[in-house]
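Numbering (my numbering), first residue to last: 1 to 184. Notes follow once the structure below has been shown.
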């Protein structure tokens, strides 16, 4: 009887694991990002109408990274940083906005574009922008500061294929972990 129960348990276990991929039980390798963005504020409580100043940083990953050599405010085809204030549910919480537009021109020679438009940021080195939320809401409450680094460059994919870059060209935006603030 014990042998029969053991056989049934082993059979049931085999049936439940049948078809599962053995690789899925292996832990995923610890993949380090090519770059990480972060938000830094001096305080987390602001009076209604007070300027919300912050610093946004982009730190290179362990292999370093090539980034466009402009890291001011982004928008309209210009690489750089942006910050926005939202409610906890994600709705915009600024009372005004701005817009800009620029058109990058394609450079036929990827090496020229690399040398002219990019810098290499070695591992753990940082670039950043000290900025402010332009028109924060005056409504008291808890809000999120969201920040983003946009590396948009028209020739980034071709530059990443150059042997000297080893593919370490930042081609996708990097979202910072939001920071919670209170307006009172």
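Using N, Cα and C, we set each Cβ at its ideal position, and we do this for glycine too.
Contact under 8 angstroms by Cβ, residue i with residue j
i           : j           : result
residue 131 : residue 54  : yes
residue 143 : residue 47  : no
residue 176 : residue 133 : no
residue 135 : residue 107 : no
For residue i, the nearest candidate out of the options (CA to CA)
i           : options               : result
residue 58  : 36, 79, 66 and 42     : 36
residue 117 : 147, 170 and 95       : 170
residue 34  : 64, 45 and 52         : 64
residue 71  : 139, 137, 119 and 157 : 119
residue 156 : 139, 69 and 43        : 69
residue 137 : 45, 43, 49 and 109    : 49
residue 113 : 158, 73 and 41        : 158
residue 74  : 60, 109, 139 and 56   : 56
Residues of its chain near residue i, where Cβ-Cβ distance is below 8 angstroms and the 5 sequence neighbours each way are ignored
i           : result
residue 111 : 162
residue 22  : Because the pLDDT of residue 22 is 44, which lies under 50, any placement of that residue in the model is unreliable, and the question is left without a value.
residue 52  : 41, 46, 85, 132, 133, 136, 145 and 181
residue 105 : 154
residue 92  : 84, 85 and 86
Close beta carbons around residue i, own chain, < 7 angstroms, minus the five adjacent residues each side
i           : result
residue 178 : 144, 145 and 146
residue 88  : 142 and 144
residue 160 : 167, 169 and 171
residue 140 : 48, 183 and 184
residue 96  : 134 and 135
Integer Cβ distance of residue i from residue j, believed to fall under 8 angstroms
i           : j           : result
residue 121 : residue 81  : That belief does not hold up - the Cβ atoms of residue 121 and residue 81 are roughly 14 angstroms apart, past 8 angstroms.
residue 149 : residue 174 : 5 angstroms
residue 154 : residue 67  : Incorrect: roughly 15 angstroms between the Cβ atoms, too far for contact.
residue 123 : residue 62  : 5 angstroms
Own chain residues within Cβ distance below 6 angstroms of residue i, not counting five before or after
i           : result
residue 236 : Outside the shown range of the chain (1 to 184) lies residue 236, about which nothing can therefore be said.
Beta strand (DSSP E) runs contained entirely in the segment 108-180, provided each spans 3 or more residues:
Listed in chain order, the complete beta strand (DSSP E) runs (minimum 3 residues) inside the segment 108-180 are 118-121, 126-133 and 141-150.
Minimum length 3: unbroken beta strand (DSSP E) runs contained in the segment 25-73:
Within the segment 25-73, the runs of beta strand (DSSP E) at least 3 residues long that lie entirely inside it are, in chain order, 35-40, 52-60 and 65-68.
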